[in-house]
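Undergrad:
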Amino acid sequence: MQLVLHVWRQAGPNVKGAFATHRVAANPHMSFLEMLDSLNEELAANDEEPVAFEHDCREGICGSCGIVINGVPHGPTRGTATCQLHMRKFRDGDEIWIEPWRAAAFPVIKDLVVDRSPLDAIVQAGGYITARTGSAPDANAIPIPKDDAELAMDAAACIGCGACVAACPNASAMLFTAAKASHLGLLPQGQPERDERALKMVSMMDAAGFGGCTNHGECEIACPKEISVEFIARLNRDLFKASVMAVE
Amino acid sequence: MTLESRVPSGPIQEKWDRQRFELKLVNPANKRKYEIIVVGSGLAGASAAASLAELGYRVKCFCFQDSPRRAHSIAAQGGINAAKNYQNDGDSIWRLFYDTVKGGDYRSREANVYRLAQISLNIIDQCVAQGVPFAREYGGQLANRSFGGAQVSRTFYARGQTGQQLLLGAYQALARQIGLGAVTMFPRTEMLDVVVVDGHARGIVVRDLVSGAISSHGAHAIVLATGGYSNAYFLSTNAKGCNVTATWRAHRRGALFANPCFTQIHPTCIPASGDYQSKLTLMSESLRNDGRIWVPTATEEQRSADAISEGERDYYLERLYPSFGNLTPRDIASRRAKEAVDSGRGVGELKNGVYLDFRDAIQRLGADVIGERYGNLFDMYERITGENPYDVPMRIFPAPHYTMGGLWVDYNLMSSVPGLYVIGEANFSDHGANRLGASALMQGLADGYFILPYTIGDYLTRIGSAPVTANAQAFGAIEEDVAQRTKKLLAVEGKRTVDSFHRELGRIMWDECGMSRTKEGLARALQAIPALRDEFWSDVRVTGRGENLNQTLEKAGRVADFFEFAELMCVDALHRDESCGGHFREEYQTDEGEALRNDDDFAYVAAWNFTGVGEQPELLKEPLAFEHVPLSQRSYK
Ligand SMILES: Cc1cc2nc3c(=O)[nH]c(=O)nc-3n(C[C@H](O)[C@H](O)[C@H](O)COP(=O)(O)OP(=O)(O)OC[C@H]3O[C@@H](n4cnc5c(N)ncnc54)[C@H](O)[C@@H]3O)c2cc1C
Ligand code: FES
């Protein structure tokens, strides 16, 4: 199949970027990233700099990859990270627009690579259970109802790619934050720090330059793990409770 | 140089206790005077960095990804073993120990493996306390499954995302320490050399992958947790960034490399679909619990699977191994698949796979049950291949997956360079010549949470807490080395791309040092690799500059190291005149085609000392004694 790609090229954080147009031949069995690899091989052969993009596992689990494809984070297939998207989802002759995540909190480093370290900052602020190595009781000492464990796992499936931020009109990281807070808050081990966790994570989210959540729901649609916005409601309840407690 | 394994004396059950008692402790008030560098933030690195910081040490942690949470460990699917015996099915520390030594085909250190089995219990406790959402039964207790042919159910799992959940647990513990200021995290930073001063590891030289700046960091001790080297084959199930650079650079500075030819080829991966293929995807081994593996009996079979009658199918594993059938260990299942494809009976457009068929299981249990068990995996398969495994059999083929070899370490996990520790997949320690499923996660976390944090203190008390500064002369010289190497890569300005060289190297390794090896083939590889390496250094094209984010340059540096390392893998494979575990030398097999060990001559760890690029390395041997698990031929008939 023949494709026309419009790829965002930007040499560094403080320079202007622009789309560059390339024609490539692709095989429908290729993954999207393999299609970009082959573009890069061609560019390198012509002594042009390859397109910088992030990737590692190429199995949809590490959260490294993240490209806006035709205006949609991770492209056209729901529940699928960029690295798992295959070219059979496109048609011969298609034009494809390829851009980095766009969010104030994620400055572009180069081409399609952005700085997502503010997501780590949110976790550092409170996205954990304090359990010093060696201090744990027997793993079966506290039974956890299967349904709670399953729901916690649904939230814990977040890969931290940042698509939710890229999709949100406010560039909010609320789904990311809510997924972590819910994962831990649903488990008995997570109760002691639950209120504090919610407050600290959300205040770091604000401080790190993410927008607020106004319930657009675009994040859930973009999420490659289809994490539900219901976790946001859950976090909001925790926040409400925690701030009331704080006032008292 | 002699190899001192430092295994404590006494009964095997008491060795670790005894060692912990005998190791010197660092006075709690003094801990903050010590600085420790941890390179790597996978299960091993993140758990070590967090635990060391909790103890009060000052820690610097490095990884090349943009966040420590993205380390390759995140991709592990199947599960983690522990001898909890929650299922009351006869498991015990002794049984896990026994299975691991035997499964490793008697090429690991008994004392290390015993300790691993002991610690397995603490790991699960620790992970649950951190909030790892392991699968549960209806009563709320932890669920287990049997994995990789084990006779007991000792594997803990979190859907098909066990590695992700364990890593997030360790990452969150690490994040907490970063938030508290006890760990300084350096993401997007690649370690390119180790600094050894007066025979002790004293620091590392790194490149900031965004600015290109090269700098040094000094510390009282260095921990490498940089993962395995399966990407020497180019195509593997590992993440694209996995590399041998950190361990190879340490090897060049004096750390011995042990058993580099012990590599594991995983039997159930999706076959390549074309020559653009960039990596291979693992399909969980659990699929073999219900799927039946077969190829057509006829070569050059053109019909689709459903048109091939029962009598024209060869369920070769069931035929050859009636008692284990489709659940034979990884090395055997892989080799038999290769045989089937090599004999012209491969399936799929490229004839490069074998069928893994769920037809009978679906008939027996219903599509719902199968969907419940493997739905995620089926979806993943369909996403990649465009084929629906409920309707047509999956196609699978083996792929490089895990490397048992690694830097040599003693019982305390210290390499042959004092002050340089190696943990996780990067060391050679516990898996011998073959790793059992669900044991790598266990080992990485055992090393990081529960072994290294104790053993490192003993070394620290002996060297004292005088600050180590990175401005000594030794640091400057090595920084200069690293800078020159980067410049040299950019200056070649040849015509071939980095990937094209990596692919060609990978092809050589796969053909000659892959699933089965011969003396002639290895000799061929030892001719071909240096020639290709010379061509690399005269004809590679590395675009861009060194002073900013340059992914081509990063790759080129890693491939350059694979070129040197690949030769060592072949040297090791050639010297080991026996077959064991993942190392199958065609000359050494039983009449039935099984691996034939030579315990009289090869029951040792081969630890290689670097003598120069392209020079024959020096071989040191650590003899292995099997006092508790009697040597026997593995049999899965
Ligand atoms: C697809 C797949 C599935 C698997 N499933 C299972 C399973 O079910 N059960 C099981 O037990 N095992 C499994 N394994 C094996 C297991 O995942 C790995 O062996 C284990 O996670 C390795 O952990 P690690 O901490 O040693 O290294 P890694 O997780 O590979 O981490 C390496 C770290 O080192 C850093 N690093 C590397 N080089 C440098 C450098 N030069 N400079 C700076 N940083 C560097 C990286 O950034 C990374 O942080 C699986 C492996 C694969 C490939
Ligand atoms: S590359 Fe890991 S999620 Fe896409």
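Note that the protein sequences, when read in sequence, are chains A and B.
Residue 58 in the working numbering sits at position 58 of the first sequence, with consecutive numbering throughout.
Plus 248 on top of the position in the second sequence (first one is 1) and you've got the working numbering.
Virtual Cβ for every residue (Gly too), placed ideally from N, Cα, C.
With distances taken Cα to Cα, identify the nearest neighbour of Gly408/B among Phe395/B, Ala418/B and Gln420/B.
TA: For Gly408/B, the nearest C-alpha among the options comes from Phe395/B.
Undergrad: For Thr493/B and Arg612/B, I'd like the C-alpha separation in whole angstroms.
TA: Cα-Cα distance, rounded: 49 Å.
Undergrad: Just checking, does the segment 611 to 630 of chain B make contact with the segment 437 to 457 of chain B on the three C-beta pairs under 8 Å criterion?
TA: Verdict: no, contact absent.
Undergrad: Examine chain B for any beta-carbon lying closer than 8 Å to the beta-carbon of Cys164/A, and answer yes or no.
TA: Closer than 8 Å: no.
Undergrad: What are the residues in the segment 56 to 85 of chain A lying within 9 Å of chain B by C-beta distance?
TA: So the list reads Asp56, Cys57, Arg58, Glu59, Gly60, Ile61, Cys62, Gly63, Ser64, Thr77, Gly79, Thr80, Gln84 and Leu85, given in the order they occur along the chain.
Undergrad: Can you confirm whether Leu187/A, when its beta carbon is compared against all beta carbons of chain B, has any partner nearer than 8 Å?
TA: So, interface residue.
Undergrad: Anything in chain A within Cβ reach of Leu797/B, meaning under 9 Å, just list it in chain order.
TA: Result: Gly12, Ala52, Ile109, Lys110, Asp111 and Val113.
Undergrad: Cα-Cα, which of Ala585/B, Val595/B, Pro577/B and Ala581/B is closest to Glu548/B?
TA: Considering only alpha carbons, the answer is Val595/B.
Undergrad: Let me see if you follow: with CB-CB separation under 8 Å, is Asp747/B close to chain A or not?
TA: Closer than 8 Å: yes.
Undergrad: What span of residues does the alpha helix (DSSP H) with Glu587/B cover, start to end?
TA: Residues Arg578 to Ala588.
Undergrad: Relative to ligand 2, is the shortest distance from any of its heavy atoms to the C-beta of Ile67/A smaller than 7 Å?
TA: Flag unset: Cβ of Ile67/A not near ligand 2.
Undergrad: Taking the runs of the alpha helix (DSSP H) that are 4 residues or longer, which of them lie wholly in the segment 182 to 231 of chain A?
TA: With a minimum length of 4 residues, the continuous alpha helix (DSSP H) runs that stay inside the segment 182 to 231 of chain A are 194 to 207 and 218 to 222.
Undergrad: Compare the C-beta of Arg306/B with all C-beta atoms of chain A and state if any pair is closer than 8 Å.
TA: It does not; no Cβ of chain A falls within 8 Å.
Undergrad: Measuring straight from C-alpha to C-alpha, what distance separates Ser356/B and Arg343/B?
TA: About 16 Å.
Undergrad: DSSP three-state label for Cys83/A, please.
TA: Three-state result, Cys83/A: helix.
Undergrad: Could you tell me whether the Cβ atoms of Ala855/B and Glu842/B are closer together than 8 Å?
TA: No, they are not a contact pair.
Undergrad: From the beta carbon of Pro381/B, is the nearest beta carbon of chain A less than 8 Å away?
TA: Closer than 8 Å: yes.
Undergrad: Taking Val376/B as the reference, which of Leu364/B, Ser484/B, Gln389/B and Thr437/B has the closest Cα?
TA: Cα-wise, what sits closest to Val376/B is Gln389/B.
Undergrad: Compute the minimum distance between the beta carbon of Asn486/B and the heavy atoms of ligand 1, and state whether it is under 7 Å.
TA: Yes - ligand 1 has a heavy atom lying nearer than 7 Å to the Cβ of Asn486/B.
Undergrad: Should the segment 812 to 821 of chain B be regarded as contacting the segment 311 to 319 of chain B, the criterion being three or more beta carbon pairs within less than 8 Å?
TA: Not touching, per the Cβ criterion.
Undergrad: What residues in its chain sit with their C-beta under 8 Å from that of Phe832/B, if we drop five residues either side in the sequence?
TA: Counting only Cβ-Cβ distances below 8 Å, and skipping sequence neighbours, we find Asp579, Arg583, Met763, Ser764, Arg765 and Ala843.
Undergrad: Tell me whether Ser552/B counts as near ligand 3, meaning its Cβ is closer than 7 Å to at least one heavy atom of that ligand.
TA: With respect to small molecules bound, the structure shown includes ligand 1 and ligand 2 and not ligand 3.
Undergrad: Taking 8 Å as the threshold (beta carbon to beta carbon), is His22/A in contact with chain B?
TA: Cβ-Cβ to chain B under 8 Å: no for His22/A.
Undergrad: Hey, would you say the C-beta of Cys311/B is under 7 Å away from at least one heavy atom of ligand 1?
TA: Yes, the beta carbon of Cys311/B sits closer than 7 Å to at least one heavy atom of ligand 1.
Undergrad: Who are the near neighbours of Ser880/B in its chain, counting only those whose CB is closer than 7 Å to its CB and skipping five residues on each side?
TA: Nothing listed; no residue qualifies.
Undergrad: List, in chain order, every chain A residue whose beta-carbon is nearer than 7 Å to that of Ser521/B.
TA: His29, listed in chain order.
Undergrad: Classify Tyr659/B: buried if its beta carbon has 16 or more other beta carbons within 10 angstroms, exposed otherwise.
TA: Tyr659/B should be labelled buried.
Undergrad: What first and last residue would you give for the beta strand (DSSP E) that runs through Leu472/B?
TA: Per DSSP, Leu472/B belongs to the beta strand (DSSP E) from Ala469 to Leu472.
Undergrad: For a contact meaning CB atoms closer than 8 Å, what does Glu302/B contact in chain A?
TA: The answer, in chain order, is Arg132 and Thr133.
Undergrad: Could you tell me the alpha carbon to alpha carbon distance between Pro254/A and Ala52/A, rounded to whole angstroms?
TA: Nothing can be reported for residue 254/A, as the shown portion of chain A is limited to 1 through 248.
Undergrad: Please decide whether Glu34/A counts as near chain B, where near means a Cβ-Cβ distance under 8 Å.
TA: So yes, Glu34/A belongs to the interface.
Undergrad: Find out if the Cβ-Cβ distance for the pair Gly475/B, Phe312/B is shorter than 8 Å.
TA: No, the Cβ-Cβ distance between Gly475/B and Phe312/B is not below 8 Å.
Undergrad: If the criterion is Cβ atoms closer than 8 Å, does the pair Leu440/B and Gly290/B meet it?
TA: Contact: no.
Undergrad: Quick one: which chain A residues come within Cβ less than 7 Å of Asp373/B?
TA: Per Cβ cutoff of 7 Å: Ala136, Pro137, Asp138 and Ala139.
Undergrad: Select from the segment 142 to 158 of chain A all residues with a C-beta closer than 7 Å to any C-beta belonging to chain B, and list them in chain order.
TA: Here the close residues are Pro143, Ile144, Pro145, Lys146, Ala149, Ala152, Met153, Ala156 and Ala157.
Undergrad: Let me check understanding here. Comparing Cα to Cα, which of Leu235/A, His6/A and Gln191/A lies closest to Trp97/A?
TA: Residue His6/A is the option with its Cα nearest to Trp97/A.
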